[in-house]
Every structure is written in structure tokens, then in C-alpha cells.
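Presented below is the structure to which this report refers.
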Amino acid sequence: MRGNAEAHELIAPGSLTGVLELMARAPGEWMPIAGGTEIMVAHAAGRLREKKLVSLWGIGELRFIEVSGESIAIGAGATFRDLRMHDTVQSGASLLAKAATWIGSIANQSRATIGGNLVNGSPAADSSPALLVCDAEVELISMRGKRRIPYSSFHTGYKRNAMTPDELLYAVHVPLRFAQHRQYLRKVGTRRAMAISKVALAGTALLHGGVVSEIRLAAASLAPLPARLYRTEAVLHGRALGPLAIREAQEALMEEAKPIDDIRSTAAYRSRVAANLLGEFLNELLTAEARP
Amino acid sequence: MYAMPQPVRRSSTAQTMSTSEKTRIVGTAVPRKEGVDKLLGRARYLDDIEREGMWYGATVRSSIPRGLIRSIGFDRRIDWTEFTVVTVADIPGRNHIQLINADQPVLADGMVNHCEEAIVLLAHPDKHKLREAVDAVNVEYEPLMPVLTIEESERQETIVWGADNILKSFLLEKGDVDAAWAQAAHIVEGEYRTGAQEHLYIENNGVIAEWSEGNGITVWGSLQCPYYVHKSLLAVLDLPEDKVRAIQTETGGAFGGKEDYPSTLASHAALLAMKSGHVVKMTYDRMEDLAATTKRHPSRVRHRTALDGDGKLLAMDIEVATDGGAYTTLSSTVLSRATLHSPGPYVCPNVRVSSKAWATNTVPYGAFRGFGAPQAIFAIERHMDEIAAAIGMDPVEVRRRNFLHDGDTTATEQVMREPVILDKLLDRALTESDYYERQKRFAQENQTRAVKRGLGIAAFYHGAGFTGSGERYLNSLAGIDVTPEGRVRVLVANTEFGQGTNTILSQIAAESIGIDYDDVEMAPVDTNVVPNSGPTVASRTSMVVGKLIERAGLQLVGTLRERAGLREEFTREEFFAACERLREEDGAVISLCRYEAPAGIFWDDQKYRGEAYPAFAWSVQVAQVAVDTTTYSAEVEEFWSVQEVGRVLHPVLAGGQIEGGIAQGIGYALYEKVVWKDGRMANNQMTNYIMPTAEDVPPIHVYFEEIPCRFGGFGAKGIGELPHDGPAPAILNGIRDAIGVGFNAIPLLPEDLFAQLVTQESKAEVSAV
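Take a look at the structure:
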């Protein structure tokens, strides 16, 4: 443990209002900590610069999963274990349920929250691609009120987001209509479990008579932030799916991807594997279409 | 220091028990001696130990790979009067760790030769104050050009060690290699590389030291070799033998990583304890342990091989190069083992092995399970598959045609006097894995699937015990005593670090005396209590030390019969009654035995010729591998390991050794990569240094063929290192079988597989144009 706990201040107001009041009084001064699966690792390595922490753990108002007719509202404090175990998440947002199984170990999944995963904003975040391809929205809260924005505009740069310093992530809204779409999600990690993504690709698509009428693609670790692949989608949109379209889409993805070389992988590998994953997804679509 | 107890009685009737005799305890799965304590959390590891008024130590380390130290400054923001500060000027004795060469400083003296080299030691009663203080010591350097790879060291443009950067070299010659090329039907060449590997014992390195004028220095540590630590402390602290005491605490894994390093850490803690006057604990966290302690030697092995038209070996010309790091540590003996294992388990009339360990400005490489053999065996066993491909023969058949048999001679002209059953091991491996049926099925399925499967094989030996004359030099002493409380104790300096030393030596003692396993316990591993039975390394414990304990047990019974009226057949009560009669006469009941080299053994250290090892353990392994062509990742799906390790002393522990070695070998082959940046380990965290988890380790099938060995305790040979030797080549051979491309370097991560395939694709495209 390289961090010195005595150098930090941690308070736990125990209620959402308590936390928001604190953040309104001193915007940006208090770092929210939920499950701590990111922050405690930084602390152990002596890299945690934030001296003041406010705990969100145990605040029931943030930990919920509510199903309405058209969407699932997931409280930012819901853990990945909560998501894994939830019937409607499994059936209606299966990509998210699958992504939840990837997070660290069972122990991590029982602490790590979806809010923490998104606010931390790692380009490799496991839940992001799944949320991006089903038009999820995020709901932010402060003493000034609540507001909803598309998740696709939440991340604004490397580890930067659209929240103001007095805001908390309150909930994630996942539309259920994508359950009708063909879906794809694959993570390529450094090993089978307890691994950080080297690259991951998510996709949802609707085909009519072999023509792509809707397609959404998103990737982890291909850019400084979790991002939709709009240009690659555009190549496919309205097009009859076939070997040529698939190859052109893969080429577009290789163009659109802006990965980096880092300690876990190389840019060249990431681009190529992402293109291979896209090929796998599109070929699955093709095969499914061919079936009577 | 252990004082030889008097009187030592040697019985003339002591004799060696026949190793094929039926046994009651040896060969059964008795409970681990320390198992219950570990299960119940009673076992106390180094960091569990707290002492009244204890201080904590930390290390200021070099941030550059090579340079002169211009100044050491202490930032005024710290109140240094609260700290004990130790520099090289505080060392009372020699500033060198006492290993093969005494070239590694305890603390840098005006110069650093690798990143993370220790420069200043700090101690403070509050461990939380240490990190800021370490950061507040400002070392100014005049950087010098570092040498960071084998190739840079070989160029000898920058000399960083001795006169020529060569830490050690060997030349082994049999027959006339140069004359053989002309007669060859085939000549096959290849170059093979292996990377560094981390031990990743669960418990990081740690030591507690206590100093007093009266008792001198006592160190407690998580360590393999208490007498190595003892030897270094004598020299570093300039103390007489009776003022230095080393005690092993419960040790959470070692794998060779606690063979030499604890001598350095114990010296550091001892210096802080002496200067501060307090008990001082030093423990490394994972980041420091990964960055600063030893790793497996990286290697480059080149093979040039001549074969006749039938695929029989005519000549092997082998060049071994290892990266030794900044100081010698154990590089010479690692190189020796690499040299002796480089020709593989094959007969060849003409062999030349030229090997060199090169100095570089990285953290010194050290002992690691296999000790040079995994590097050498990776090369020869990959090369055998390349030979098979080059001459158009089944890799299994090429091996079979060249296997060593009883009566053959090895590259050192050692005659195989014991049975060699490689054919039998191979047949069993093929049968158990259903090798040819599976291979046929995969060849068909691979045509249409993105995931390609293949099978790879490796055949190998591992020499048990110290190389050549090593055991004679060690001159180990071990034995058994009986306490007045009626406990039979095994007296050895050999340590338990998870592999089962306590259990198997207790089994041997109980068996040879003829008492119950529960009547035997291990004496504490404390240099004041146990004799120097040598280090716990080199797969020597069950064989060499086991034999000493077997002899000591028989000797004790012989003495009791001769002098204390013990009958031929005896009960437990009669045994202990006889012990008490002997105690009345001698004052103690103790039976010690010293290593005796087997007769007719010859080894020439100069020419590297003769009996390289008293015994060899043998193995054939088969790996089933799946290569995903979408992600370029290879996984091991199933694994078979057949081995002959002499007598199996404890089937569960033996099986665990094999499975653990294979899991570690899978990591070595496909996952574990030390990423270097300017001479420094960049991924010194377990999130980025990837070791396989249980999810990545496949079902492992373990089979033993048992041929009791006359030199080993109840017929046992070495087992601990053997299983780590084969997985890497077997897996890469499996990848070759799956996708038809040979890879010659490990670790082989998906990025490496991708890079080579893409290079080959673009070459193929060019040639197609």
C-alpha cells in the first residue's frame, strides 16, 4: 500500500442530498467514490492525488434497476453483479449483461458500479461499447436538478466528460427496443478473465431483405474515449450486405480507428483485430439472413 | 551458527534400504505437515510478525540503468533526525553479496549498474513516513551509456562488466562437429529466443532483522537458503559465525526467486537494525518486488544440425547466449544447466555447445524453476519440429529415432547407466492424448473454422541435483534427532515454500526409522538449530537430502539396536524407550549423515565432460492448442504430461508439482512478458504483467512411470523443475501444427503472433506479384 490513508479525508453523508449539498458548496473539491475498484488501486499504487473523497457506497437512492415499458433505468450505484443477476437486463439489454460478466473478478463485480465505470471514463471501459450501440442516455443530477443527455455525448475526451463539477451521474437509461436487433459484443483482453480490454467491439443492426437499415457500432480502446464508429456505420447504412460491403466497412474501420501503442497492446494489432471482429459480426448477420 | 553436536555416532550396521521395498508411508498421500496451520490462518508469514518497538525499512533506488553517483542530497522538507539513514559508508565488512562471484554490491558505491539498484536505506518507526522520505532523497548522476541487450553486450563496444562483458562461458565438445557437415543429408538451422519471467510468488520478499551486542544479528525471512543468507551476513557485517543467525519464516512461494535475493534484503535490514538499534522490518510491495528483484534469464540459442538420410542426428552445433543482468549472481550455474540441457534427450555422436552469459545493465537475473533448462529445451524442442518439417518427417518420429537409451552416452559422454524409458513415455503420451486421431480431426476441422487447433509435443530430461561436482562441493549434512519430549525431528536447512519439503522429508524419516508419520516433525529452519544440508534448489531436496534423511533414519535405528538394545522388530514405545537409554549415555539422540558421492562418478569441470548429473528425470508432454485467427491469440485447451521421476514419494504433492509447473510454463509461453523501457520494468503491476488465471489453464492429465533411483531418498529423483521445461516448446509446436507457421520466440503474445503473420502475408503478397 503506497498511499497513506492519513493523507486523505473521506466522508460519507449517507444520502444523495447530503452528497449533492456537499458538492454544491464546494464544486470539484470532493471526489465521489462508490465501489472504489479504480480509486483504491490508484491509492495502493500511491497515485491517488485527490485528498478529499465523498462516499456514495450504501446510498440506496442510487442503487436501483427499474423497468418501464420502453427502457430500463439503472441507478449509477448499481453494481455489475446487480446487472448480471437482473432478468430484464439479461433479456432486454443482453450486451450490457454480458459486459458486466467481464468486469474483473466476482469480488470486483460486487463492488464496481456502472456509474463509476462511466465516470472514470477509461477508453477500455467494459460497459461503454454496449451502451453506445443501444442509444443509452445518462441522467445527471445536482442541487440544480436533473438533466438527460445521450451517452454518446457524455465522454468529451480522454478521461473527460460532460458533467459539471457539482454534478453526479444519477442513472443510465437503456432503451429496450434493441432487443429486436441483431447484436454483437466481443472483448479481446489480455487473458480470459480479470483482464483489461485490448480492444472490444459492440454492434446492433437491423436488416431488411439483406439491406442494412440500421446499424450502430462502438469500440473500446480504439480512441482516447469510448466511441461510436459513425464513419464505418455510414459505409454500411442502406447497403446490401455482401463480401465487398464487409471489406469496405473493415477498411473504413481501420481508417476511423485511432488506437495507440501502450503497455497492453499495439495500435496496429488493435485496428486489425477490431476490423476482424467487425468482419465476424457482419458475417454472422449475413449467415443469419441466409437462414430461412 | 549450527554447532556440530557431540557425540556423533556412526553405526557400522547402517545400510541403504532397498528402494523397491514395500513402504507404509512413502508413496501415500499423508496430510501436509504445515497444511492445517495454513488452512486455519495460523501460519505466520513475515509480514504477520510484529515486534514491540519495531521500525520499518525502505530503499532508495537508482532511476537510471548506468552512471556515476555525483551526489546524494536529503531534502529539507523531511526531518531526517527521525530516520536512520544507511549508505555504503555504514557497511562494517565487505560491500558484496557472497555468491559465486562476490561482485554485487550491497549498496551502490559511487556507481550504479542497473535501474532499481539500492543506494540508500532508510528506517523509521512509522512505515507511512517512508515513501515521502524515499522520494526526498535526491541522487544526482552522471549517466553512462548502458548496455541493455545480449546483442549490445556482444558487440563489446561498451564494457560494463569485467574485461569483456562475459560473466561466464563454457565450451562442451564431443566428437568432431566440423567433420560431420560433409556427410549430412540435411542441415537445419534455427534461432530461438526466450524472455524474462517473473516468479510471482504470492508472498513478496521480506526480512526482519534484530541486532544486539550479545547475540549479534538475527534475521527472519521469507527465503529458500538460510545458509546463503548466513554467508553473506558474515562478510557484510564482518561478524564471527556465532554472531549471525538466519531463520526462515513460513514462506509463500519462491520458485527460485528467494534463492539469492534474500541475501541482499537481509543485508539491508541488518544494516538498518545495527545502526538504528531497533528491530527493523523490510517488506516489498508487489511493484517494488517486480521491479527490483531477479527474474528468469532471457536467452538466445542458435542450432545448426546435421542429419543423415534416415533423420538421425549426425552433429549438433549449439550456441547459447543468456542475458545475465548487471551482476553475476547465479548466471554461471544457470548457464551451466542451459549448456547441459541444450542438446535435448537425444543421441548424437558429434556435439559442440558454446555458451556465454552476457552482462547488461538490467536488474540481475537469477534462479527460477528450471534454472536455464527451460530456455535450452525451448530451443531444442522447437528445433526438432523445424527439423521434422525440413526433412518431411513426423515430429514424433524424428524424436523417436534419436532418443537416448540405456547405455548411450550424452553430449558430456555420460553413460546412461539407469534405465531410460523415453519410448515408453512417448507411447503413453500419444495413447493418453489420442494424438493421431485428434490430429486427423483437427486437420479436417481447421479447413472451415476460424479457430485452428493443433497438437504439439516436447520430450526432455531434467538433471536432478547440483551439476557435475556441485554436490561434492556442497558436502551437505542433514539428519534426525529425538527430543526428550518424544518427538522425532528432521534436521535440515531445506525449506518449505509450498512444494512439500516438510511432508516428504517427514515421510522419509518415519519410513526409514519405522515409526508413524505423526511422530515426526521438522526442526525449525534456523542456522542455530539445523546443519547446512545445502540450498533448497536444483530439484535436489527429495533426491539428495531425502537420501541423507533415509540414511540418517537407518543409522539411528542401527545405533539403537547396537547400543540401546532395540530389537529387530519394535513398537513405538520400545523405540522411544531405546532413545531414552541412548540419551542417558550420550546426552542427546541425534543421527547425522553427510553427502557421499556415488562411486565411479567422474566430472571434468574444465572440459565439461563426464557425469553431469547423478540422475535425470524424464518427461514427454503434449499440448492441445487453439489459435483464434480473428484475434491472433493462442490458448492451451488440454495438456498431457507423462514423466519418470523415480519413486513418487507423495502422489498428491507430486501431481501438484507437475500441474503447477505446467501452469507456470503456459504463462512463460503465452502470457508473461516483462516490458522494458530504458532498462526498467515498465509493467511492474499484476494488471499489466499478465499471468494466466485458472480460466486460462486447461485440464492437465498427469501420469507417472516409476523407476526407483538408487541415489534418491526411497528412490525419488528431482521433480520440481521438470514440468516447467516442456510446455513452452510443446505449445509453440502445437501452434505450428495448427496454422503451419513456426514461431521461435517466447513469450508469444497475440501482438507477436499478429506481427509475424502480417509480415509473412506481406512477403507472400510481394512474392505473388
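Protein chains in written order, with my numbering: chain B, 1245 to 1536; chain P, -19 to 749. The beta carbon of each residue, even a glycine, is placed where N, CA and C say it ideally should be. No experiment lies behind these values; they were computed from the predicted model shown.
Check whether the Cβ atoms of Ile49(P) and Val119(P) lie closer than 8 Å to each other. Taking the second sequence and counting its residues from 1, one reaches residue 49(P) at position 69. Taking the second sequence and counting its residues from 1, one reaches residue 119(P) at position 139. Closer than 8 Å, so yes.
Asn724(P) to Arg1328(B) span [Cα, whole Å]: Sequence index remark: in the second sequence, residue 724(P) carries index 744 (1-based). Sequence index remark: in the first sequence, residue 1328(B) carries index 84 (1-based). Each residue's alpha carbon lies about 42 Å from the other.
For Ser279(P) and Ala595(P), the rounded distance between their alpha carbons: Counting from one through the second sequence, the residue named residue 595(P) turns up at place 615. Counting from one through the second sequence, the residue named residue 279(P) turns up at place 299. The straight-line gap from Cα to Cα measures roughly 25 Å.
Closest by C-alpha distance to Ser133(P), when choosing among Thr302(P), Leu629(P), Pro511(P), Gly480(P): What you label residue 133(P) is simply residue 153 of the second sequence in a count that begins at 1. Of Thr302(P), Leu629(P), Pro511(P), Gly480(P), the residue nearest in Cα terms is Thr302(P).
Through-space distance from His94(P) to Leu26(P), alpha-carbon basis: Walking along the second sequence from the start, residue 26(P) turns up at place 46. Walking along the second sequence from the start, residue 94(P) turns up at place 114. Rounded to whole angstroms, Leu26(P) to His94(P) spans 28 Å at the Cα level.
In this structure, does DSSP put Met125(P) in helix, strand or coil? Within the second sequence, the letter at position 145 stands for residue 125(P). Note: Met125(P) maps to coil in three-state DSSP.
Does any C-beta atom of chain P lie closer than 8 Å to the C-beta of Tyr1428(B)? Residue numbering aside, residue 1428(B) sits at position 184 when the first sequence is read from its first letter. It does not; no Cβ of chain P falls within 8 Å.
Under 7 Å by beta carbon: chain B residues contacting Val655(P): In the second sequence, counting from the first residue as 1, residue 655(P) sits at position 675. What Val655(P) touches in chain B: Ile1507.
Uninterrupted alpha helix (DSSP H) stretches inside the region 681 to 714 of chain P (no shorter than 4 residues): 702 to 705
Nearest-angstrom Cβ-Cβ length linking Tyr1402(B) and Glu1383(B), presumed shorter than 8 Å: For the purposes of this step, residue 1402(B) is taken as the residue at position 158 of the first sequence. For the purposes of this step, residue 1383(B) is taken as the residue at position 139 of the first sequence. At roughly 24 Å, the Cβ-Cβ gap does not stay under 8 Å, so Tyr1402(B) and Glu1383(B) are not in contact.
Amino acids of chain P, ordered along the chain, whose beta-carbon sits closer than 7 Å to that of Ile1440(B): The residue given as residue 1440(B) occupies position 196 in the first sequence. In chain order: Thr667.
In or out: Lys154(P) buried (at least 16 other Cβ within 10 Å) or exposed? Here residue 154(P) refers to the residue found at position 174 when the second sequence is read from its first residue. Classification for Lys154(P): buried.
On the CB-based measure, 16 or more other CB atoms within 10 Å of its CB, does Gln740(P) come out buried or exposed? As a first step, residue 740(P) must be located in the second sequence, where it is residue number 760. Exposed, since its Cβ has fewer than 16 Cβ neighbours within 10 Å.
Report yes or no: is there a C-beta of chain B within less than 8 Å of the C-beta of Ser0(P)? Reading the second sequence from its first residue, position 20 is the one you call residue 0(P). With a pLDDT of 47 at Ser0(P), under the threshold of 50, the predicted position of this residue should be treated as unreliable, though the coordinate-derived value follows. No, no contact with chain B.
Evaluate Glu171(P) with the Cβ neighbour count: other Cβ atoms within 10 Å of its Cβ, from every protein chain shown; 16 or more gives buried, anything less gives exposed. Position 191 of the second sequence, counting from 1, holds the residue named residue 171(P). Its Cβ having fewer than 16 others within 10 Å, Glu171(P) is exposed.
Output yes if chain P places a C-beta closer than 8 Å to the C-beta of Thr1434(B); else output no. Here residue 1434(B) is taken as the residue at index 190 of the first sequence, counted from 1. Using a CB distance cut-off of 8 Å, Thr1434(B) counts as an interface residue toward chain P.
Please tell me whether Val327(P) and Thr274(P) are closer than 8 Å, where the distance is taken between their beta carbons. Within the second sequence, numbered from 1, the residue matching residue 327(P) stands at position 347. Within the second sequence, numbered from 1, the residue matching residue 274(P) stands at position 294. Cβ distance not < 8 Å, so Val327(P) and Thr274(P) don't count as in contact.
Per-residue burial, Pro756(P) [other beta carbons within 10 Å of its own, 16 or more giving buried]: Because chain P is modelled from -19 through 749, residue 756(P) falls outside the range shown and cannot be assessed.
What is the DSSP secondary structure of Arg1355(B), reduced to helix, strand or coil? Counting from 1 along the first sequence, the entry for residue 1355(B) is found at position 111. If DSSP states are grouped into helix, strand and coil, Arg1355(B) belongs with the helices.
Start and end residues, beta strand (DSSP E) containing Val281(P): Against the second sequence, residue 281(P) aligns to sequence position 301. Per DSSP, Val281(P) belongs to the beta strand (DSSP E) from 279 to 287.
Where do the N-terminal and C-terminal ends of the alpha helix (DSSP H) with Trp620(P) fall, by residue? Taking the second sequence and counting its residues from 1, one reaches residue 620(P) at position 640. Unbroken run through Trp620(P) is the beta strand (DSSP E), 613 to 624; no alpha helix (DSSP H).
Can you check which of these residues, Ile227(P), Asp403(P), Asn426(P), Met296(P), is closest to Leu152(P) by C-alpha distance? Here residue 152(P) is taken as the residue at index 172 of the second sequence, counted from 1. When each option's Cα is compared against that of Leu152(P), the closest is Met296(P).
Secondary structure, alpha helix (DSSP H): runs of 4+ residues fully inside the region 412 to 475 of chain P: 415 to 425, 450 to 454
Which residue or residues does DSSP assign as beta-bridge partners of Phe54(P)? In the second sequence, residue 54(P) corresponds to position 74, counting from 1. According to DSSP, Phe54(P) bridges with Val117(P).
What in chain P is Cβ-close to Ala1437(B), meaning under 7 Å? One-based indexing of the first sequence puts residue 1437(B) at position 193. Under a criterion of Cβ atoms nearer than 7 Å, the residues of chain P adjacent to Ala1437(B) are, in order, Thr673, Glu675.
At a Cβ cut of 7 Å, what residues of the region 1500 to 1527 of chain B count as close to chain P, listed as they run along the chain? Ile1507, Arg1508, Ser1509, Thr1510, Tyr1513, Arg1516, Val1517, Asn1520, Leu1521, Glu1524
Measuring only between beta-carbons, confirm whether Asn1352(B) sits less than 8 Å from chain P. By 1-based counting over the first sequence, the position of residue 1352(B) is 108. No, no contact with chain P.
Endpoints, the beta strand (DSSP E) within which Met1438(B) is located: Numbered from 1 along the first sequence, position 194 holds the residue referred to as residue 1438(B). Unbroken run through Met1438(B): none, as it is neither H nor E.
When Cβ atoms are compared, which residues of the region 98 to 130 of chain P fall closer than 7 Å to chain B? Residues of the region 98 to 130 of chain P whose Cβ lies closer than 7 Å to any Cβ of chain B, in chain order: His108, Arg111.
Checking contacts by CB at 8 Å: is Gly1280(B) closer than that to chain P? By 1-based counting over the first sequence, the position of residue 1280(B) is 36. Judged by the 8 Å Cβ criterion, Gly1280(B) is not in contact with chain P.
Look up Gly170(P) in the DSSP assignment and say whether it is helix, strand or coil. Counted from its first residue, the second sequence places residue 170(P) at position 190. Three-state DSSP puts Gly170(P) in a strand.
Who are the near neighbours of His363(P) in its chain, counting only those whose CB is closer than 8 Å to its CB and skipping five residues on each side? Along the second sequence, read from residue 1 onward, the residue named residue 363(P) stands at position 383. Closer than 8 Å at the Cβ level, and outside the excluded window around His363(P), lie Val168, Gly170, Tyr172, His283, Thr285.
Which residues mark the beginning and the end of the beta strand (DSSP E) in which Ile1235(B) is found? No information on residue 1235(B) is available, as it lies outside the stretch 1245 to 1536 that chain B covers here.
If I follow the unbroken alpha helix (DSSP H) through Arg381(P), where does it start and stop? Walking along the second sequence from the start, residue 381(P) turns up at place 401. First-last of the alpha helix (DSSP H) with Arg381(P): 375 to 382.
Could you compute how far the alpha carbon of Ala1501(B) sits from the alpha carbon of Lys1431(B)? Counted from its first residue, the first sequence places residue 1501(B) at position 257. Counted from its first residue, the first sequence places residue 1431(B) at position 187. Going by the C-alpha atoms only, they are around 16 Å apart.
Quick one: any contact between the region 114 to 128 of chain P and the region 43 to 59 of chain P, if contact means 3 or more CB pairs under 8 Å? yes
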